[in-house]
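For reference, the structure is listed below as structure tokens.
Residue numbers (our numbering): 1216 to 1640.
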């Protein structure tokens, strides 16, 4: 989004209708959920608390909001209707920030928060709480003209986490900028108690990303300490192949209970993956590659490739298939690589530029064969196709490496990082 993104004061969003892409109202905004950060950094907006017609309050992640303004909120149409539960690092903007007494940094003067504004960051889908509307004085004194002012978030004290706090929320805020793999290394070396506290405070998507980078023992321990409904939410947020690997390590009763709590479409993908042997193409693949019909254009393909949540490996190519578009698809026709998409005009049909020279992997192909395929053809992702010619999914190079490295590779990698930091000679 351009730098001129509108600033929205949250009081204007209270009670605003939330619509799906078809224009149907799905609920109304009752609050906004933000995560505080260490120091005076602006809080990140995580999502909205939406009240459905049934009076149930649910959480709508900001990543599922395509438009937000003072008159309406537009969503992707994908809603998780489980009841909203606030986490330790989360603050309700309307319920906990407004009417709060804070101090102006420059003068130390105590003021009352009347409103705060949110703004989308340039060229990103993230939103921040960026301004604070405050009044000076107490009681009726504030009614006098000139007693209100709007200041930057950094100009007030009294909201943010303390730098040296010992709670899980301060620890989490300190590690906010870490990549999932690095945060996983941190979690791995915490005590079980503190590990559980931090995991409970992470939002579902962040925890899912971190779980995918942890050893199996840590994954099982963390998942086992979550409430079952939340554990199912986190499994839904994980890549299906990683969720399948984790569930495969659980007792049969626990596995079935969690699969039952997951959304049926998400659970179906995971069940399908669990039917394959772990160290085969079927067991390694993800069921969510980019699938396009042959009459899609290069412009359509590039729009899909640009999706922020895609891994670089999955974004490296698109798979062209006859309908249906969801895996298992109709007949697999071939692959279009990202570099080819950059070379052809936007109106070009992807069906006319497919690469069908390489034979796709079969789901029963074992790990050494899969690794050899990647090495021989310099691939970062490869299609997996069944005997009937339908695309089942795609294997990415990171999943191949995960299964070829020794079980303790994370420990070795961390040791090397720490050793490099001491300037050994």
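The C-beta atom is built at its ideal place from N, Cα and C for all residues, glycine as well.
Here the structure is a predicted model, which is why all the values come from computation and not from measurement.
Tell me the residue span of the alpha helix (DSSP H) that contains residue i.
i            : result
residue 1516 : 1513–1520
residue 1174 : Since the first and last residues shown for the chain are 1216 and 1640, residue 1174 lies out of range.
residue 1575 : Residue 1575 -> no alpha helix (DSSP H), and no H or E assigned at all.
residue 1426 : 1419–1426
residue 1497 : 1496–1499
From the DSSP output, read off the bridge partner residues of residue i.
i            : result
residue 1327 : 1316 and 1350
residue 1608 : 1599
residue 1332 : 1224 and 1346
residue 1259 : 1250 and 1343
residue 1232 : 1243
residue 1164 : This structure does not reach residue 1164, given that the chain is present from 1216 up to 1640, and the question cannot be answered.
residue 1264 : 1246 and 1274
residue 1280 : 1290
residue 1391 : Answer is none; residue 1391 lacks a bridge partner.
residue 1413 : In the DSSP output, where bridge partners are listed per residue, residue 1413 has none listed.
residue 1371 : 1319
residue 1298 : 1273
Please state if the CB of residue j and the CB of residue i are separated by a distance shorter than 8 Å.
i            : j            : result
residue 1374 : residue 1247 : no
residue 1611 : residue 1501 : yes
residue 1347 : residue 1368 : yes
residue 1593 : residue 1499 : no
residue 1329 : residue 1350 : yes
residue 1447 : residue 1489 : no
residue 1333 : residue 1343 : yes
residue 1319 : residue 1370 : yes
residue 1473 : residue 1486 : no
residue 1428 : residue 1399 : yes
residue 1529 : residue 1505 : yes
residue 1299 : residue 1273 : yes
residue 1542 : residue 1616 : no
residue 1618 : residue 1576 : no
residue 1561 : residue 1513 : yes
residue 1244 : residue 1260 : no
residue 1517 : residue 1556 : yes
residue 1290 : residue 1241 : yes
Which residue comes first and which comes last in the beta strand (DSSP E) that contains residue i?
i            : result
residue 1583 : Premise fails: residue 1583 lies in the alpha helix (DSSP H), 1582–1592, not in any beta strand (DSSP E).
residue 1404 : Looking at the DSSP string, residue 1404 is not in any beta strand (DSSP E), and its letter there is neither H nor E.
residue 1510 : Counting along the chain, residue 1510 falls outside any beta strand (DSSP E), and DSSP gives it neither H nor E.
residue 1524 : Run containing residue 1524: none; DSSP gives neither H nor E here.
residue 1364 : 1363–1367
residue 1307 : 1305–1307
With 8 Å as the threshold, decide whether the Cβ of residue i is near any Cβ in chain C.
i            : result
residue 1247 : Any reference to chain C falls outside this structure, which holds one protein chain only.
Confirm the yes/no value for this check: CB of residue i, any heavy atom of the ligand GTP, distance under 7 Å.
i            : result
residue 1368 : In the structure shown, the ligand GTP is absent, as is every other ligand, since no ligand is present at all.
- Task: Tell me the start and end of each unbroken beta strand (DSSP E) in the stretch 1435–1468 that is at least 3 residues and wholly inside, in chain order.
- Result: none
- Task: Note down, one range per segment and in chain order, each alpha helix (DSSP H) of at least 4 residues found wholly within the stretch 1531–1573.
- Result: 1553–1558
- Message: Measuring CB atoms only, is the stretch 1536–1553 touching the stretch 1496–1510, in the sense that at least three cross pairs come out at less than 8 Å?
- Response: yes
- Evaluate the contact criterion for the stretch 1401–1414 versus the stretch 1430–1444: three or more CB pairs, one atom per stretch, below 8 Å. yes
- Is the stretch 1291–1298 in contact with the stretch 1261–1276, if contact means three or more CB pairs nearer than 8 Å? yes
- Message: Any contact between the stretch 1275–1291 and the stretch 1304–1315? By contact I mean 3 or more CB pairs, one from each, below 8 Å.
- Response: no
- Do three or more CB pairs link the stretch 1529–1542 to the stretch 1594–1602 at distances below 8 Å? yes
- Can you find at least 3 beta carbon pairs, one from the stretch 1453–1471 and one from the stretch 1416–1426, that sit closer than 8 Å? yes
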